[in-house]
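S.K.:
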Amino acid sequence: MAPDLPALVDEVATIMHAMEDRGRVASYIPELAKVDPAQFGIAIATADGRLIAGGDADTGFSIQSISKVFALTLALGKVGDQLWERVGREPSGNAFNSIVQLEQEQGIPRNPFINAGAIVVSDVNLGGHQPRVAIGEMLRFVRYLAGDDAIAINEEVAASETATGFRNMALANYMRAFGNVRHPVDLVLGSYFHQCAIEMNCRQLALAGRYLMLDGRHPEGGRVVSPGRARRINALMLTCGHYDASGDFAFRVGIPGKSGVGGGILAIVPGRASIAVWSPGLNENGNSQLGTQALELLARRTGWSVFSPPDAR
Ligand code: GLU
1 MAPDLPALVD
11 EVATIMHAME
21 DRGRVASYIP
31 ELAKVDPAQF
41 GIAIATADGR
51 LIAGGDADTG
61 FSIQSISKVF
71 ALTLALGKVG
81 DQLWERVGRE
91 PSGNAFNSIV
101 QLEQEQGIPR
111 NPFINAGAIV
121 VSDVNLGGHQ
131 PRVAIGEMLR
141 FVRYLAGDDA
151 IAINEEVAAS
161 ETATGFRNMA
171 LANYMRAFGN
181 VRHPVDLVLG
191 SYFHQCAIEM
201 NCRQLALAGR
211 YLMLDGRHPE
221 GGRVVSPGRA
231 RRINALMLTC
241 GHYDASGDFA
251 FRVGIPGKSG
261 VGGGILAIVP
271 GRASIAVWSP
281 GLNENGNSQL
291 GTQALELLAR
301 RTGWSVFSPP
311 DAR
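Residue numbers for the sequence shown follow my numbering, beginning at 1 and rising by one.
Have a look at this one:
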């Protein structure tokens with residue numbers, strides 16, 4: 001029987017609002033430390049065109065690393081499979097900002113969803129232009145995906161990360177030494193920090209993810225990517241979307257997902273739903289604590305899983 005999604009979304013929001021252990025808000029980007037951890041939002045865009053939202057689904061948050069999914073989509077559109085000469089496709093098993101693995105692997109990041117990989121993707125997307133051109137392109141792209149021109153960048157968050165992003169500067173400089181970052185580091189990071197500082201609410205994020213549940217189609221017509229590319233992006237989200245807790249997320253939730261340190265997660269049920277959850281408190285792996293729990297509950301109650309036969313979900 002098809003799940004009663006509005007009732008389920010309300011129930012999940014109520015349960016999550018009552019949770020006491022909400023994790024810890026990211027503090028290494030000072031602007032993010034100011035966000036109130038008492039919030040929880042959820043939105044589900046379904047393949048049949050509904051949008052069901054609950055809790056703080058209209059409150060904007062910093063999408064942070066979720067932007068890596070959209071940046072990867074753009075970069076694949078520009079250079080296609082050549083991207084894989086500069087970035088791997090294996091889960092890292094390391095923290096999102098680890099530098100150790102980069103040395104062992106000669107400046108080729110493990111995957112496009114750890115910071116080092118996303119910085120290479122930003123380098124590709126810069127394509128010889130000024131950061132404002134690449135940032136403008138990224139913003140237009142997410143607005144087109146979500147069908148919402150109100151989506152914007154939070155400049156305070158971008159400035160806050162620019163002032164304190166020493167680790168990302170180290171990663172970028174390190175890869176520049178290997179020739180895997182080709183533009184000046186400050187331009188690449190200027191672009192990367194702004195992309196991470198895009199602000200969206202759960203409704204907008206769920207809408208932006210629809211092409212990944214629709215085998216690459218834009219719900220309003222036309223194609224964002226080919227079916228094969230959409231499947232590969234989903235595969236990377238499943239295997240690499242939660243840093244060193246990606247295996248645990250696949251085990252507990254069973255659908256592709258990408259998290260960000262702003263507390264958001266975009267999760268995709270191919271053929272069924274694009275789901276955005278947000279709660280700013282993070283668990284020990286830097287993924288939204290309640291967001292993960294909410295998706296686990298939702299997946300259990302709906303039967304949604306990429307590991308179950310289609311007729312069982
Ligand atoms: N802008 C953040 C950073 O590079 C993104 C990290 C994340 O969301 O996991 O540190």
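Glycine included, C-beta positions come from ideal geometry on N, C-alpha and C.
Following a CB-centred definition, is G291 positioned closer than 6 Å to any heavy atom of the ligand GLU?
M.R.: G291 Cβ: outside cutoff for every heavy atom of the ligand GLU.
S.K.: Which residues mark the beginning and the end of the alpha helix (DSSP H) in which T162 is found?
M.R.: It spans E155 to T164 - the alpha helix (DSSP H) in which T162 sits, taken as one unbroken run.
S.K.: If I measure Cβ to Cβ from V69 and keep anything under 7 Å in the same chain, skipping five residues before and after, which residues do I get?
M.R.: Excluding positions up to five away in sequence, the list reads I233, M237, K258 and L266.
S.K.: May I ask which residues mark the beginning and end of the beta strand (DSSP E) holding A53?
M.R.: Per DSSP, A53 belongs to the beta strand (DSSP E) from L51 to G55.
S.K.: Write down every uninterrupted run of the alpha helix (DSSP H) in the segment 160-200 whose length is 4 residues or greater and which is fully enclosed by it, in chain order.
M.R.: Within the segment 160-200, the complete alpha helix (DSSP H) runs of at least 4 residues are 166-177 and 185-196.
S.K.: Grab the span of the beta strand (DSSP E) containing K258 for me, first residue to last.
M.R.: First-last of the beta strand (DSSP E) with K258: G257 to S259.
S.K.: Using a threshold of 6 Å, is the CB atom of S27 nearer than that to any non-hydrogen atom of the ligand MG?
M.R.: Ligands displayed in this structure: the ligand GLU; the ligand MG is not among them.
S.K.: Please report how far the alpha carbon of I151 lies from the alpha carbon of Y174, in whole angstroms.
M.R.: Looking at the two C-alpha atoms, the distance is approximately 33 Å.
S.K.: Verify the contact flag: Q195, CB atom, against every heavy atom of the ligand GLU, threshold strictly below 6 Å.
M.R.: Flag unset: Cβ of Q195 not near the ligand GLU.
S.K.: With distance defined between alpha-carbon atoms, name the residue in R140, D21, P3 and A13 nearest to E284.
M.R.: Comparing Cα positions, the closest option is D21.
S.K.: Taking the alpha helix (DSSP H) that T292 falls in, what are its first and last residues?
M.R.: Q289 to T302 is the extent of the alpha helix (DSSP H) around T292.
S.K.: Quick check: does the Cβ of S191 come within less than 6 Å of any heavy atom belonging to the ligand GLU?
M.R.: Because no heavy atom of the ligand GLU lies under 6 Å away, the Cβ of S191 does not count as near it: no.
S.K.: Runs of 3 residues minimum, wholly inside the segment 13-86: which ones carry the beta strand (DSSP E) assignment?
M.R.: Counting only runs of 3 or more, we get 41-46 and 51-55.
S.K.: Among C202, S226, N287 and G221, which has the Cα closest to the Cα of C240?
M.R.: Of the listed residues, the one whose Cα sits closest to C240 is N287.
S.K.: For T302, count neighbouring Cβ atoms within 10 angstroms of its own Cβ and tell me buried if that reaches 16, exposed if not.
M.R.: Burial call: buried.
S.K.: Indicate the three-state DSSP secondary structure (helix, strand or coil) for R232 in the structure shown.
M.R.: Three-state result, R232: helix.
S.K.: Can you tell me whether R203 is buried or exposed, with buried defined as 16 or more other CB within 10 angstroms of its CB?
M.R.: Answer is buried; the Cβ neighbour count reaches 16.
S.K.: Between the beta-carbon of I66 and the beta-carbon of G260, is there less than 7 Å?
M.R.: Contact flag set, yes.
S.K.: Nearest by alpha-carbon distance to L83: which of Q104, F61 and G127 is it?
M.R.: Minimum Cα distance to L83 is reached at G127.
S.K.: Can we count V261 as close to the ligand GLU, meaning its CB is less than 6 Å from some heavy atom?
M.R.: Result yes, Cβ under 6 Å from the ligand GLU.
S.K.: Using DSSP with H/G/I as helix, E/B as strand and the rest coil, what is G264?
M.R.: It is a strand residue.
S.K.: List the endpoints of the continuous alpha helix (DSSP H) containing V277.
M.R.: It is not in any alpha helix (DSSP H) - V277 instead sits in the beta strand (DSSP E) that spans A273 to W278.
S.K.: Using three-state DSSP, classify A146 as helix, strand or coil.
M.R.: Three-state DSSP puts A146 in a helix.
S.K.: For E11, tell me which candidate among P30, L297 and P184 has the shortest Cα-Cα distance.
M.R.: With distances taken between Cα atoms, E11 lies closest to L297.
S.K.: Please report how far the alpha carbon of Q293 lies from the alpha carbon of R252, in whole angstroms.
M.R.: In a straight line, the C-alpha of Q293 is about 9 Å away from that of R252.
S.K.: Tell me the DSSP secondary structure of R217 in three-state form.
M.R.: It is a strand residue.
S.K.: Please find out if some non-hydrogen atom of the ligand GLU comes closer than 6 Å to the beta-carbon of N201.
M.R.: No; taking the cut-off as 6 Å, the Cβ of N201 has no heavy atom of the ligand GLU nearer than that.
S.K.: Could you tell me whether the Cβ atoms of A33 and S27 are closer together than 7 Å?
M.R.: Taking 7 Å as the Cβ cut-off, A33 and S27 qualify as a contacting pair.
S.K.: From the DSSP output, in three-state form, read off G222 for me.
M.R.: DSSP places G222 in coil when its eight states are reduced to three.
S.K.: Are the segment 76-92 and the segment 266-282 touching by the rule of at least three beta carbon pairs closer than 8 Å?
M.R.: No: fewer than three Cβ pairs fall under 8 Å.
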